[in-house]
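So the protein sequences, as listed, match chains A and B.
Mapping the first sequence onto the numbering used here, position 73 (from 1) lands on 73, and the numbers just tick up by one.
Mapping the second sequence onto the numbering used here, position 76 (from 1) lands on 184, and the numbers just tick up by one.
Here the structure comes first, spelled out in structure tokens, and everything after it is commentary.
Protein chains: 2
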Amino acid sequence: MNNIFQLPFPLPPIEIVETLVKTEQFRIERIISTGQATPPDQWYDQVQDEWVILLQGQATVSYEDGREVALIAGDYLLIAAHEKHRVKETSVDPPCIWLAIHGSLVKN
Amino acid sequence: MNNIFQLPFPLPPIEIVETLVKTEQFRIERIISTGQATPPDQWYDQVQDEWVILLQGQATVSYEDGREVALIAGDYLLIAAHEKHRVKETSVDPPCIWLAIHGSLVKN
Numbered sequence: 001m002n003n004i005f006q007l008p009f010p011l012p013p014i015e016i017v018e019t020l021v022k023t024e025q026f027r028i029e030r031i032i033s034t035g036q037a038t039p040p041d042q043w044y045d046q047v048q049d050e051w052v053i054l055l056q057g058q059a060t061v062s063y064e065d066g067r068e069v070a071l072i073a074g075d076y077l078l079i080a081a082h083e084k085h086r087v088k089e090t091s092v093d094p095p096c097i098w099l100a101i102h103g104s105l106v107k108n
Numbered sequence: 109m110n111n112i113f114q115l116p117f118p119l120p121p122i123e124i125v126e127t128l129v130k131t132e133q134f135r136i137e138r139i140i141s142t143g144q145a146t147p148p149d150q151w152y153d154q155v156q157d158e159w160v161i162l163l164q165g166q167a168t169v170s171y172e173d174g175r176e177v178a179l180i181a182g183d184y185l186l187i188a189a190h191e192k193h194r195v196k197e198t199s200v201d202p203p204c205i206w207l208a209i210h211g212s213l214v215k216n
């Protein structure tokens, strides 16, 4: 049985991105972060919408307009395609476990 | 901030299904179960694929071929369209919190 909370041991010093489900239009990923952040001058500018939930840990996501969103375990966000954002900080202990869904998720 | 672990209080005696994201092709739901099960003679026979993760509680899913899968928090399953299954049991305490993704998730 696959379990989202089961982490590799020891954790490597880099962010781990694992694809759990993938089709041409759609992707589910587990991301494990341990203190990593998007470099201050960089933004994620994604082609697809993303629905993301933080399942363990604490993190802060910031947006180009200056908004900052502090996340605790269970908090979820819908980030529209091309909504520029970055991960400002992620907790090391406990490690952050994210579940991210990429696809066409917003009605046009 | 929306949080998947935040439950209504008091919980009603029925299963709660909330749609978090919905487009024509795709749906994300939170389901809260407190002891409910699919009636013994019924099967879910779904038009779409489903990726489902149990985020809290314990549950058992059974399949038409006799397989039974016991789930603890964090376990996830991909159920292909028309793969007949039922929820055999769900824990009351803690309540089961499921995250279910419905869409075209399996490559053909």
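All C-beta atoms in this analysis are idealised placements derived from N, C-alpha and C, irrespective of residue type, glycine included.
Which listed residue (the options) has its alpha carbon closest to that of residue i
i, options, result
"Lys-121 (chain B)", "B:Asp-201, B:Lys-215 and B:Ile-209", "As written in the sequence, residue 121 (chain B) is Pro, which differs from the Lys given in the question. Nearest option by C-alpha distance: B:Asp-201."
"Ile-4 (chain A)", "B:Pro-118, B:Ile-205, B:Val-129 and B:Leu-163", "B:Leu-163"
"Leu-179 (chain B)", "B:Leu-186, B:Gln-166, B:Ile-187 and B:Glu-158", "B:Gln-166"
"Arg-175 (chain B)", "B:Ile-161, B:Ala-181, B:Gly-182 and B:Lys-196", "B:Lys-196"
"Pro-147 (chain B)", "B:Glu-132, B:Gly-182 and B:Thr-198", "B:Thr-198"
"His-210 (chain B)", "B:Val-177, B:Ala-188, B:Asp-157 and B:Pro-203", "B:Asp-157"
"Asp-153 (chain B)", "B:Asn-110, B:Pro-203, B:Ala-188 and B:Ala-208", "B:Ala-188"
"Gln-36 (chain A)", "A:Pro-95, A:Ala-100 and A:Asn-2", "A:Pro-95"
"Pro-15 (chain A)", "A:Leu-99, A:Ala-100 and A:Thr-34", "Reading off the sequence shown, one finds Glu at residue 15 (chain A), where the question assumed Pro. Closest option to Glu-15 (chain A), Cα to Cα, is A:Thr-34."
"Met-1 (chain A)", "B:Met-109, B:Val-177 and B:Leu-207", "B:Val-177"
Beta-ladder partner(s) of residue i, from DSSP
i, result
"Ile-136 (chain B)", "B:Val-129 and B:Ile-209"
"Thr-106 (chain A)", "A quick correction: the sequence has Val, not Thr, at residue 106 (chain A). Per DSSP, none; premise fails for Val-106 (chain A)."
"Gln-56 (chain A)", "A:Ile-97"
"Leu-186 (chain B)", "B:Trp-159"
"Ser-62 (chain A)", "A:Glu-68 and A:Arg-86"
"Ile-16 (chain A)", "A:Ile-32"
Cβ distance (whole Å) where residue i is taken to contact residue j below 8 angstroms
i, j, result
"Val-47 (chain A)", "Glu-29 (chain A)", "Actually they do not touch by this definition, with Cβ atoms about 15 angstroms apart."
"Gly-31 (chain A)", "Leu-11 (chain A)", "According to the sequence shown, residue 31 (chain A) is Ile rather than Gly. The Cβ separation is near 12 angstroms, so there is no contact."
"Trp-51 (chain A)", "Leu-20 (chain A)", "Contact doesn't hold; Cβ gap of about 14 angstroms is too wide."
"Leu-105 (chain A)", "Phe-134 (chain B)", "6 angstroms"
"Ile-161 (chain B)", "Tyr-184 (chain B)", "4 angstroms"
"Thr-131 (chain B)", "Lys-22 (chain A)", "In fact, because the Cβ distance is near 18 angstroms, the residues do not count as touching under 8 angstroms."
"Gly-182 (chain B)", "Gln-6 (chain A)", "7 angstroms"
query: Looking at C-beta atoms only, is the number of pairs between the segment 170–178 of chain B and the segment 186–198 of chain B that lie closer than 8 angstroms three or more?
result: yes
field: Near-chain A residues of the segment 160–177 of chain B (beta-carbon distance less than 9 angstroms), N- to C-terminal order
entry: Ile-161, Leu-163 and Val-177
message: To be precise: take each residue of the segment 5–33 of chain A, compare its Cβ to all Cβ atoms of chain B, and keep it if any distance is under 9 angstroms. Which residues remain?
response: Phe-5, Gln-6, Leu-20, Val-21, Lys-22, Thr-23, Glu-24, Gln-25, Phe-26 and Ile-28
Interface positions of the segment 93–108 of chain A facing chain B (Cβ-Cβ less than 8 angstroms), listed along the chain: Leu-99, Ile-101, Gly-103, Ser-104, Leu-105, Val-106 and Lys-107
Residues within the segment 177–194 of chain B neighbouring chain A, beta-carbon criterion of under 9 angstroms: Val-177, Ala-178, Leu-179, Ile-180, Ala-181, Gly-182, Asp-183, Tyr-184, Leu-185 and Leu-186
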